[in-house]
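Here the protein sequences line up with chains A, B, C and D, keeping their order. With the numbering used here as the guide, the letters of the first sequence map in order to residues 1 to 442. With the numbering used here as the guide, the letters of the second sequence map in order to residues 443 to 884. With the numbering used here as the guide, the letters of the third sequence map in order to residues 885 to 1346. With the numbering used here as the guide, the letters of the fourth sequence map in order to residues 1347 to 1808. Cβ atoms here follow ideal geometry from the backbone N, Cα and C, with glycine treated the same way. Nothing here was measured: the structure is a model prediction, and the numbers come from that model.
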Amino acid sequence: MTDTDGSPFAPHTAEETAAMLDSVGVDTEADLFDIPDEVAFDGNFGIEPRSEQAIRGEMQRLFARNDDLTEFMGRGHYSHYVPSLVDHLSDRAEFLTSYTQYQPEITQGFLQALFEYQSMLVELTGLPVANCSMYDGATALAEAALLADRVRETSGQTILVPELLREGKRSVLENYVDGAGLSVESYPMDDGNVDREALVDLAGEETVMIYAENPTVRGTIEEGLSEIGELATDTEAVFCLGSDLVALSLLEEPASVGADVVVGEADVLGLPTSYGMGLGIFATSDRFLRQVPGRLVGVGSDVDKRRAYTLTLQTREQHIRKERATSNICTNQAWVALRAAIHIASLGPDGLVDLAEDCVRDAAALAERVDDIEGYQAPIHDRHHFREFVVHTDQPAAAITADVEAEGYAIHAIEDHLLQICLTETTSHATDGLVDALQEAA
Amino acid sequence: MTDTDGSPFAPHTAEETAAMLDSVGVDTEADLFDIPDEVAFDGNFGIEPRSEQAIRGEMQRLFARNDDLTEFMGRGHYSHYVPSLVDHLSDRAEFLTSYTQYQPEITQGFLQALFEYQSMLVELTGLPVANCSMYDGATALAEAALLADRVRETSGQTILVPELLREGKRSVLENYVDGAGLSVESYPMDDGNVDREALVDLAGEETVMIYAENPTVRGTIEEGLSEIGELATDTEAVFCLGSDLVALSLLEEPASVGADVVVGEADVLGLPTSYGMGLGIFATSDRFLRQVPGRLVGVGSDVDKRRAYTLTLQTREQHIRKERATSNICTNQAWVALRAAIHIASLGPDGLVDLAEDCVRDAAALAERVDDIEGYQAPIHDRHHFREFVVHTDQPAAAITADVEAEGYAIHAIEDHLLQICLTETTSHATDGLVDALQEAA
Amino acid sequence: KHEPLLSEKDTSTVEISGKDESPLPDDLTRDYLTLPSLSEPELARHYTRLSQMNWSIDSGPYPLGSCTMKYNPKFTEDVAADPNAAIHPDRSARSAQGNLGLLHGLQEYLATIGGMDAVTLQPPAGAAGEFTGILIAKAYHEHHGNDRSEVIIPASAHGTNFATAAMAGYDVVELPSDEGGRVDLEALKAAVSDETAALMLTNPNTVGLFERDIVEIAETVHDVGGLLYYDGANLNALLGRGRPGDMGFDIMHYNVHKTFATPHGGGGPGAGPVGVVDDLAAFLPTPRVRETDDGDYERFEPAQSIGKVHGFAGNWLVVVKAYAYIARLGDAGLSDASAKAVLNANYLAEQLEMDVPYGPFHHEFAATAGDRDAADIAKRMLDFGVHPPTTKWPEMVPEAMLTEPTEIESRRTLDTLAEAFNNAYSDTDEAIETAPSRTTAGRIDQVDAARNPRLSWQALDE
Amino acid sequence: KHEPLLSEKDTSTVEISGKDESPLPDDLTRDYLTLPSLSEPELARHYTRLSQMNWSIDSGPYPLGSCTMKYNPKFTEDVAADPNAAIHPDRSARSAQGNLGLLHGLQEYLATIGGMDAVTLQPPAGAAGEFTGILIAKAYHEHHGNDRSEVIIPASAHGTNFATAAMAGYDVVELPSDEGGRVDLEALKAAVSDETAALMLTNPNTVGLFERDIVEIAETVHDVGGLLYYDGANLNALLGRGRPGDMGFDIMHYNVHKTFATPHGGGGPGAGPVGVVDDLAAFLPTPRVRETDDGDYERFEPAQSIGKVHGFAGNWLVVVKAYAYIARLGDAGLSDASAKAVLNANYLAEQLEMDVPYGPFHHEFAATAGDRDAADIAKRMLDFGVHPPTTKWPEMVPEAMLTEPTEIESRRTLDTLAEAFNNAYSDTDEAIETAPSRTTAGRIDQVDAARNPRLSWQALDE
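In structure tokens:
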């Protein structure tokens, strides 16, 4: 380590600094700054520099303040087992410490990996165009609404969403569409799924986009998606479907039910639980290609006519098109997309479908066990479920979650007498303990 | 993941296997094995295959059975803080998953890293030849004795070692030299250091090698190494000095005191505490070059006269020379040497010397605090110390270590009423707790 | 140097509907799924090879102007990987004190570094930070019954500023630069009005010039009731030397993947925390984190919160790394980072044969290739084993090569970089137009790739 | 593709003696220390570049005969990095139950896999395992008052066998092969005597042939009171198909970095556990680990232990990875690994234009380059992007190319490998003699490097 009183990552010795200052023609570093005195700062933030070792110790102690709970939580942020391979490959410095591929001739590797990610999304959604990442499912949904507004030929200003849409997602959507003058309206749910009759009544020429999720935020699997697709066609609305990579591998293919845009959570694969850090899916049909937000990797050829990958259709983007861009998104989640792609590839189609089927089986089995406990009814919706389900409780839900937490388990309280429980292969070993804790808390 | 009932790391689909069997001209895999029935095995080991996820959980639970103790332990296995950089760079697959550099044209990277490691050892020891690793300090010492036996012109069969030599090291030495007909004899110590007068009396024409350590196993710093060097010269014995990378950066340079061979622990840098896993130093003078055990990387040039690195002087090695090889060592600790080199480089000479100086200061300060506790005398040797020191206890040492362990600290009991305590920057934050625990246990 | 696509190696199809053991009726499932199917060793090789065909900051210098590509300390990766921190965002506050403590700590660090009063860590990228900031401005004006329609942006600003303002529903008023390359104060005075919601400013600007008139600029905007927005892309020039809050900025975003050395991951994730002055704190996204009297941390919703700009809490792993980086540097390190970043830019510019209009610049400069094509020179630089600068932007410099070496480069590396610049610049037209020749791929036909978009392996079969 | 030495980048010297603040008197310290002095970013680039100039199993096929270069599963790295396992070897048994449990578990796994009764994990490499095994044999004979002077080793054995026996003080009796490439039973019968301490045997041998007469070989050695030693280098051919213990072997070592997929790290560390039959268990190194009646683990010293062969407990990190690998595969995986290793070797041999004398071979085969130079052909193979096989060994095959693809290669990769073999083999003399040309370095002058040894950067200045 270079001995320096300053940044440990700046390599300058005192001699080098002096020589460089001399070369530039100034005496001190301060002479290089053209900052008027009235707005200059003395550098005193009061932040003590610490050694690498000290910071690692400090942060281990800090994070140890999180209770060690087994989390049966979902509602948009899911945890599947991430193979070690994903860490080891995605952590390779050439991937992790690279920038956006503005010079494709020396970034073919990342470009190919993103192209492969896009292609996997095409397989999973059945839609021919997928971008190489959005921030998360919420912002992807919001961008879908803006795309819908741009592409819709007739006027209209309403985005129809499920009344049970997760609050955070709805808030992001509202923030994004506000500037475009759109409004977000809810349609009712029927036993966890879309109330299709009510939706038919609500949809009309005002409707810019209809959004549905499969599975829903309550874990129920939708049963009439094609009808929604037809309704969207009839009303000339964009049909946007929300899902995730694991659900997509098993549930109805979005293209086959008429979805125009697919959004949702791709971070269910590749990322461990990360306090909500995400990866947004964005896939759509060819006719909306030039309205897609975010980056697209395409195939071209180099001077020797060999296949080469490159960022393409950049004229949609803000660094070219400024205020007429399809979105302001620039920095995205490319590295998370790389991780998701490696995870998908390491599962393969068999592994992925097996995983998805377990999400159905395991949720059903746990719901049945919870239902058997006095004081709980589960699942409250008479539907097939994926990963998670809602439980009615005789006791107040908040009291139950607190009791269960004291036993080492985290679950959601979503209403005064409703719990939500999510399980995956990362927690399936702990269901006995959860059932016991629920029994105690009843 | 390829779907297979067998090894998850064999990529063969059933179709490929069938096609390959067909190409080879047999019907089944069993047909490829030419094993007589009388010695054939049915494959039933009773080992259940588990998933990656299951094994990680299982082993986390297993290792959690180790008590979480702060270790003030040394005696040949030391722990210094290993910068993250070391892990990230040495874990790069091109390093970690490579074999010995038998094809230097495609392994220049590892060869250069090992060459740099050798060069750092040359700087640290002052001796011009260092090999690119031994298993650990004990086997390096043993190989030094065999080298001494080979190079000594007059007859003789005695290896002189300190009476306090760590038992494990002595046992390894005895095992290695037995085949050569050498015997290991102790010389007495005087207040922790070599009793030089007694050594003079013992050394003679029978003496093949004199071995001394600096610091000694009790952490004392030797004061008369040059005299030992002269004694070795006078008796035509090889003078072998044991040390470690951190001590070498501060204490007397081996070449300057007449050491012919330097052995010891290089794993003090680069490796975290690893249950005794090591990295042996082996450095010597030019005249013993062709008697060196293990691998050597040298510089040569390629057809274009560019500098190139290669394993060299392989005619010493067993794959060429068979029973006339200088050693049977083949697989060594190359990757650990890479790690040590990165650690040295990341400290630089300033950082390394600072670290070594702290080993002296911190040991002295802690010994003083322990000495202040009723019932303890520390250090028992009136010497300068490096990292560790010995404490006399009024109570039985074993009882004290048990009490201290219950408070979360591990220290050595080396005799009925002697403790040994070692500290480095990885434990210096915890000395207050240790002192309290010792006070309680007194 | 060609790696086949995963799909070209091995692909298989699983039938789903009709399977006996399916847990779902056929009408709820897809019919089949086709994806690559490879063993772990094959995948390890695939991605190892791809990585070797990719430039990175660990490969060599990466002087992309306005991108602040600095070294990403390895230990921050290990800190972020702490399994104790891997928790669900819906955790109760009482069970998530560690994560809340980190968020609170970074809020405080960023506030003091920017001279701001309150900070949100939720925006997942710089552009998302801009959007958050402009939404806050909008909410502020609306809250005061004072709807406004315009955002003023200098011509030299990042493209995201324009796109952000438009997404938020504002009309963009573009402000010309003065002769010196800075904000034209007279033009600004002419542009502001009671329709001015905000001025978005990068300081130092995109050619590295500090806006010396910043106090007067702030007064001008504030006088009409507008707000001053600081684009944090160039904050690496100012650390410890000047704080946006002290200059009159009301809102700012921080690009932690630039200034605070979190890795850029080939395009992301980053994080774009937003700081505001007291008057605007009530409008920040929800939830924020505060410390209670007994040293615990709790979430709270600001009184007039704009709501959320990310589904959960933003890019957690990234903000952890930013915290660790700031802690490592401390006061002295942060100030030194800026000092060396500015020194490096000035030293490098001194070695170049190209002209560098405008100055005195700070952490970056825009050299001009004059009558030569900046993009071609950049391609030729690839052949010399370095990454070239940002080209043809900002537009105020003809054939610009916007160069930002950052503080991490040694004099030796800067000399190598200068040699690459100079060699490429002095090379023949033919050499630069056909470059690069020593790279994984040769020059790529961008026009054809865009005209005939093939965006998936499925499209390659067509 | 040249990376300067660390010392050529930046070096500094610290004065030590004479420093005011030194904690030691000058006569106990060195005068100064000179070493490279570089920043973390510079080091990251240095080693990243070096790594990119290195072949590895994650780069592509690595069919070195007798080396069993198979893929190293990534998860085993994470398992070995568990901080709870990072403890000092002198820990009390009661506070180290986790590590002792792992050691016990692996002892058990290896015992059942080899058909042995007791196992030590202490030897830090295969050759150290051999040495341990021969020391055990020696101790056994001595314990029975029965000193012996000879170890018999087939000519085709690994060089380490010879060196090991010599280090242990034995005279080596080299045994010729029969026409079929196996042990010449008559020669063996002639060689054994009451001086025979042991026969060291590799099975299948180094050209992949199973010693079909193994039962008679064992009887022959046992009849004179000798012991049978199994060199585990080729165990990957036998997993689940045959166990050395069942064949009459008394002692064996396991190369976990071969058979059990722990990474070879550019030359090590490996681990060479040794298994023995009941009669020899008392001689194993100390300490061993056993389970107590109440399910805890304790260390114990075998009654006639030879003592130690490593300063502590051997290469801990390596044995952890071996355990994880065996657990991942289980019975079915272990058997399949051998099956596919043997299938791959046979399939690859089938595709080659070179002759393959001897057979039926198992996991490896020695093709012969006939009147061409095997080493030159290997160099030419480098140009085709693969690693060549072991060359010119074993000597019983003229111009041998000893090839072991292992089970991890796909048919596609084997075809690529075969193409490289065949193209190199059919290439011109000039092409192979001047090869390689597409590698980081061209052909290196080995003779000059050995005649004029320059083994450090200090030597380069001379």
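(1) Using a Cβ-Cβ cut-off of less than 9 Å, list which residues of the region 584–616 of chain B approach chain A; keep chain order.
(2) Buried or exposed: where does residue 2 of chain A fall if 16 or more other Cβ atoms within 10 Å of its Cβ makes it buried?
(3) Note down, one range per segment and in chain order, each beta strand (DSSP E) of at least 3 residues found wholly within the region 1502–1531 of chain D.
(4) Using beta carbons (cut-off 8 Å, strictly below), is residue 81 of chain A in contact with chain B?
(5) If you compare alpha carbons, which of C:901, C:1031, C:1025 and C:1090 is closest to residue 1242 of chain C?
(6) Just checking: is the beta-carbon of residue 1670 of chain D within a distance shorter than 8 Å of some beta-carbon in chain C?
(7) State the start and end residues of the unbroken alpha helix (DSSP H) segment that holds residue 405 of chain A.
(8) Strictly under 8 Å for the Cβ-Cβ distance: is residue 1212 of chain C near chain D by that measure?
(9) Can you give me the C-alpha to C-alpha distance between residue 29 of chain A and residue 14 of chain A, rounded to a whole angstrom?
(10) What does DSSP give as the partner residues of residue 831 of chain B in its beta bridges?
(11) Residues of chain A with CB closer than 7 Å to the CB of residue 1420 of chain D, please, in chain order.
(12) Where residue 27 of chain A and residue 18 of chain A are concerned, what is the direct C-alpha to C-alpha distance, given to the nearest angstrom?
(13) Our contact map puts residue 1482 of chain D next to residue 1622 of chain D with C-beta atoms below 8 Å; I'd like the distance itself, whole angstroms only.
(14) Please compile the residues from chain B whose C-beta is within a distance smaller than 7 Å of the C-beta of residue 1373 of chain C.
(15) Can you find a CB in chain C that lies within less than 8 Å of the CB of residue 385 of chain A?
(16) Under 7 Å: does the beta carbon of residue 1355 of chain D sit that close to some heavy atom of the ligand ZN?
(17) Our contact map puts residue 1472 of chain D next to residue 773 of chain B with C-beta atoms below 8 Å; I'd like the distance itself, whole angstroms only.
(18) Taking the beta carbon of residue 260 of chain A as the centre, do at least 16 other beta carbons fall within 10 Å, making it buried, or is it exposed?
(19) Please report the straight-line C-alpha distance between residue 1151 of chain C and residue 794 of chain B, rounded to a whole angstrom.
(20) By Cβ distance below 6 Å, which residues in the same chain neighbour residue 4 of chain A in space, the five residues on each side in sequence not counted?
(21) So with CB distances below 8 Å, who are the chain A contacts of residue 1342 of chain C?
(22) In whole angstroms, give me the CA-to-CA distance for residue 915 of chain C and residue 284 of chain A.
(23) With DSSP run on the structure shown, which of helix, strand or coil describes residue 937 of chain C?
(24) Using alpha carbons as the reference points, say which of A:112, A:98 and A:35 lies closest to residue 1325 of chain C.
(25) At what residue ranges does the region 1279–1319 of chain C contain a whole run of the alpha helix (DSSP H), taking only runs of 4 or more?
(26) Using only the alpha-carbon positions, how far apart do residue 309 of chain A and residue 1775 of chain D sit?
(27) At a CB distance below 7 Å, what residues from the region 1585–1615 of chain D approach chain B? Give them in sequence order.
(28) Would you kindly report the start and end of the unbroken alpha helix (DSSP H) that includes residue 499 of chain B?
(29) Beta-carbon separation of residue 1611 of chain D and residue 718 of chain B under 8 Å?
(30) Return the chain-ordered list of same chain residues with a C-beta closer than 6 Å to the C-beta of residue 593 of chain B, the five sequence neighbours on each side being excluded.
(31) Please report how far the alpha carbon of residue 1416 of chain D lies from the alpha carbon of residue 248 of chain A, in whole angstroms.
(32) Quick check: what's the CA-CA separation for residue 1327 of chain C versus residue 302 of chain A?
(33) Sorted by chain position, which residues of the same chain lie with C-beta nearer than 7 Å to residue 1191 of chain C's C-beta, five sequence neighbours on each side aside?
(34) Comparing the C-beta of residue 1453 of chain D with each C-beta of chain B, is any distance below 8 Å?
(35) Excluding the 5 residues preceding and the 5 following residue 42 of chain A in the sequence, name in chain order all residues of the same chain whose CB lies nearer than 7 Å to its CB.
In terms of the structure at hand:
(1) none
(2) With a pLDDT of 38 at residue 2 of chain A, under the threshold of 50, the modelled position of that residue is not reliable, and the figure given next carries that caveat. Residue 2 of chain A is buried by the Cβ-count criterion.
(3) 1517–1521
(4) yes
(5) C:1090
(6) no
(7) 397–406
(8) no
(9) 12 Å
(10) B:863
(11) 84, 85 and 88
(12) 8 Å
(13) 6 Å
(14) In the structure displayed, chain C extends from 885 to 1346; residue 1373 of chain C sits before or after that span and is not available.
(15) no
(16) This structure simply doesn't include the ligand ZN, nor any ligand for that matter.
(17) 6 Å
(18) buried
(19) 38 Å
(20) Confidence in residue 4 of chain A is poor, its pLDDT being 46 and thus under 50, which makes the residue's placement too unreliable to answer from.
(21) 119, 122, 123 and 128
(22) 20 Å
(23) coil
(24) A:112
(25) 1295–1309 and 1313–1318
(26) 39 Å
(27) 1586, 1587, 1588, 1589, 1592, 1593, 1603, 1609, 1610, 1611, 1612, 1613, 1614 and 1615
(28) 494–505
(29) no
(30) 730 and 733
(31) 35 Å
(32) 5 Å
(33) 1169 and 1170
(34) no
(35) none
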